[in-house]
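Quick notes on the structure that follows.
In the working numbering, the protein residues as written are 1 to 170.
See below:
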């Protein structure tokens, strides 16, 4: 069985390696809270040899119930705003830090493929938060390009957000 790094584009592997090195150098631990990527980011970060101390844990919260139970998101937020929303992405990243021992977290929630009749394929919300910092939100409209390509684009964005957040540390 091949490793995840064997099948991902080189740019993603290199970005993940650089991110983990930066986190290791600063003795910081990363946490992920993933919905539409189904744990792909956590898998990628744990596939890089020698970087285990830079990854604290990952939450795969694919259902509304999982988001609420594992990340302590108020059910009203998900029902009122939707599972794929700015508010839910922010609640996810806050919950990930509160329910972990990590230093920096990223959340991903979106529609990797066709959802319901009013759902926009490729709409993804991201949140990034460092302990003691401010939440950064990002909304992407990747389009109806397919589940796999949307998930790969999510990896690019999540790694970029984590990297930018770490770069802002002094």
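For glycine and all other residues, C-beta sits at the position ideal for the given N, C-alpha and C.
Beta-carbon spacing of residue i, residue j below 7 Å
{"i": "residue 8", "j": "residue 51", "result": "no"}
{"i": "residue 55", "j": "residue 70", "result": "no"}
{"i": "residue 173", "j": "residue 89", "result": "Since the displayed the chain opens at 1 and closes at 170, residue 173 lies outside it and no answer follows."}
{"i": "residue 15", "j": "residue 108", "result": "no"}
{"i": "residue 111", "j": "residue 84", "result": "yes"}
{"i": "residue 45", "j": "residue 155", "result": "no"}
{"i": "residue 152", "j": "residue 93", "result": "no"}
{"i": "residue 113", "j": "residue 57", "result": "no"}
{"i": "residue 28", "j": "residue 103", "result": "yes"}
{"i": "residue 48", "j": "residue 64", "result": "no"}
Distance between beta carbons of residue j and residue i, contact taken as under 8 Å
{"i": "residue 142", "j": "residue 122", "result": "4 Å"}
{"i": "residue 161", "j": "residue 138", "result": "6 Å"}
{"i": "residue 35", "j": "residue 62", "result": "6 Å"}
{"i": "residue 23", "j": "residue 12", "result": "Not confirmed; about 16 Å, so no contact."}
Residue i burial status per 10 Å Cβ neighbour count (16 or more: buried)
{"i": "residue 125", "result": "buried"}
{"i": "residue 164", "result": "exposed"}
{"i": "residue 72", "result": "exposed"}
{"i": "residue 127", "result": "buried"}
{"i": "residue 91", "result": "buried"}
{"i": "residue 10", "result": "exposed"}
{"i": "residue 167", "result": "exposed"}
{"i": "residue 18", "result": "exposed"}
{"i": "residue 2", "result": "A caution first: residue 2 carries a pLDDT of 49, below 50, which makes its placement in the model too unreliable to give a value."}
{"i": "residue 150", "result": "buried"}
{"i": "residue 95", "result": "buried"}
Residues that residue i bridges to, as DSSP identifies them
{"i": "residue 180", "result": "Since the first residue of the chain shown is 1 and the last is 170, residue 180 is not available in this structure."}
{"i": "residue 123", "result": "141"}
{"i": "residue 8", "result": "According to DSSP, residue 8 bridges with nothing at all."}
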